[in-house]
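Here's the structure we're looking at; comments come further down.
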Ligand code: ATP
Ligand code: MN
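Shown next, in the form of structure tokens:
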């Protein structure tokens, strides 16, 4: 007999037919006349109820059917007598693949805290919350590839091991095969990387952008989607040491095109999730509502998860310059009452309290901030022309800020003028020689181009309504966290 995942079975199976279902026991309930078992196989948030008559199953078998045990059940699909499900399976045969000792199995049918579940990240995908998150994460990843494929982008795989430490995006993890206890030394006493595997110092990548630019200036429109590593010791709910970044890069795009792409892209993938993950999102929407009830009135969010997602896809993002944003912040109530922890003035890097004020209090919408001071942005961002209000002082950068998240996207139009780019490198202390291959794109057939980086987990965080980025990646990597 053919086996159907529960997701398909619930959609297509005919009452009266014989079916086989396989999955893990969520709950078992015994009444006078029958035993009710809720099975879940991870294909959907919904369980299938399988039912045996009292006395039908041998006592030894029944004893092994406990939460977490894995079963294969064959029987007739019938209309359910009970409330809560339309159909159920009348058991005719059961195979127990693997029992789960109820005294030892850590996942029991009750609410476990997210902190506890992080300690058993190897088992948490078996919970409703985490299986929902992982299915949504999958749908979003698929939507990302679909969006770019539908729009003529090519998927470019940029290296994970890189020799350029010049990007300045963050602290890096070193990649080496040298003996950690006795590395070879140069005459000056430094580690001699010429004897290392690659003959030079290498690290895990913090961004695929520089290589992405090489691709865009050959293929036109490219995107990367791969693991990215930052060794910052920031123990926040928004940072991972290993995360996945999506970086489109497009020849002939300017800052405006870049913003249009970013906005259309995030809205399209969120819409995809709403269309394809309705059950999982409804479950997480409910979960969030329950959680909100435990908060103080003034801390409760005005919108539910589904309302928030609908709101984001149906409203235009606010676009304003850094200069205008600073003006709003300087004149804001919290600034005047001294409620910001960090003071704001033109030139400072905005803190997340400032970003959140703009997004959550002032505009109540996603915001794209542009034209940041050059001093706080990366060397490859294009200098603003003389015609701007702050000539030469700002760059064509854009950050997309989301409610509850802060920065979800960072990008820019790139400096395509060789001389200006080299001057900027000298300014920030990057040896142009070290990036000779990058500079070649400006030497030969340079072109205007723009791109951005979207942290995939921050997107998943937003779409699932979760509060901690460690809960939206299966096996998080963070300071002191690499167990599973
Ligand atoms: P932040 O200021 O939030 O630390 P950033 O400005 O250092 O981020 P970028 O270098 O602009 O980040 O990277 C592009 C995107 O990658 C960010 O907008 C964010 O979505 C994501 N990102 C950056 N660092 C991390 C991290 N440590 N963990 C998860 N996502 C990250
Ligand atoms: Mn950024």
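Residue numbers (my numbering): 434 to 917.
Built from N, CA and C at the ideal position, the CB exists for glycine as well.
| Item | Value |
| --- | --- |
| Going residue by residue through the region 789-836, where are the continuous beta strand (DSSP E) segments of at least 3 residues, counting only ones entirely within it? | 800-806 and 827-835 |
| Going by C-alpha distance, which of 818, 893 and 608 is nearest residue 574? | 893 |
| Could you give the distance in angstroms between the alpha-carbon of residue 478 and the alpha-carbon of residue 656? | 32 Å |
| For residue 628, which of helix, strand or coil comes out of DSSP? | helix |
| Using a 10 Å radius around the Cβ and a threshold of 16 neighbouring Cβ atoms, would you call residue 482 buried or exposed? | buried |
| Over what stretch of residues does the alpha helix (DSSP H) that includes residue 858 continue unbroken? | 851-861 |
| Apart from the five residues on each side of it in sequence, which residues of its chain come closer than 7 Å, Cβ to Cβ, to residue 807? | 816, 826, 827 and 828 |
| Please classify residue 878: is it buried, with 16 or more other beta-carbons within 10 angstroms of its beta-carbon, or exposed? | exposed |
| What do you reckon, are the CB atoms on residue 596 and residue 635 nearer than 8 Å? | yes |
| Does at least one heavy atom of ligand 1 sit under 7 Å from the Cβ of residue 888? | yes |
| Give me the residue from 692, 833, 763 and 793 with the minimum Cα distance to residue 920. | One cannot answer for residue 920 here, as it falls past the ends of the chain, which runs 434 to 917. |
| Using 8 Å for Cβ pairs, my map puts residue 449 next to residue 670. What's the rounded Cβ distance? | Actually they are not in contact, since the Cβ atoms of residue 449 and residue 670 sit about 50 Å apart, beyond 8 Å. |
| If you follow the alpha helix (DSSP H) that residue 761 is in, where does it begin and where does it stop? | 755-763 |
| Please name the residue or residues paired with residue 473 in a DSSP beta bridge. | 457 |
| Under 7 Å: does the beta carbon of residue 843 sit that close to some heavy atom of ligand 1? | yes |
| Would you mind listing the alpha helix (DSSP H) stretches within the region 487-511 that are 4+ residues and don't spill past its ends, in chain order? | 492-497 |
| Among 905, 882 and 880, whose alpha-carbon lies nearest the alpha-carbon of residue 891? | 905 |
| By how many angstroms is the C-alpha of residue 593 removed from the C-alpha of residue 873? | 22 Å |
| Any heavy atom of ligand 4 closer than 7 Å to the beta-carbon of residue 839? | For ligand 4, the structure offers nothing, since it holds only ligand 1 and ligand 2. |
| Does the beta-carbon of residue 801, which I'm using as the reference point, lie nearer than 7 Å to any heavy atom of ligand 1? | no |
| Applying the criterion that 16 or more other CB atoms from any shown protein chain within 10 Å of the CB defines a buried residue, is residue 517 buried or exposed? | exposed |
| With a CB to CB cut of under 7 Å and the five nearest residues on each side skipped, what residues in its chain are close to residue 606? | 636, 637, 662 and 664 |
| Helix, strand or coil for residue 536? Go by DSSP, reduced to three states. | coil |
| Spatial neighbours of residue 465 within its chain, please: C-beta separation below 7 Å, excluding the five flanking residues on both sides. | 487 |
| Please check the pair residue 440 and residue 476, which I expect to be a contact at CB under 8 Å, by giving their CB distance rounded to whole angstroms. | 4 Å |
| Are three or more beta carbon pairs between the region 583-590 and the region 639-659 nearer than 8 Å? | yes |
| With 16 as the cutoff for other CB atoms within 10 Å, does residue 564 come out buried or exposed? | buried |
| Excluding five sequence neighbours on each side, which residues of the same chain lie with their C-beta closer than 6 Å to the C-beta of residue 568? | 713 |
| Below 6 Å CB to CB, which residues in the same chain sit around residue 710 once its five sequence neighbours on both sides are set aside? | 569 and 572 |
| Counting along the chain, where does the beta strand (DSSP E) carrying residue 678 start and finish? | 675-684 |
| In the DSSP assignment, the beta strand (DSSP E) including residue 882 goes from what residue to what residue? | 882-888 |
| State the DSSP-derived secondary structure class of residue 864, mapped to helix, strand or coil. | coil |
| Please determine if the region 857-873 and the region 673-680 are in contact, where contact requires at least 3 C-beta pairs separated by less than 8 Å. | no |
| Assess contact between the region 745-761 and the region 721-736, defined as three or more Cβ pairs (one per stretch) separated by less than 8 Å. Is contact present? | no |
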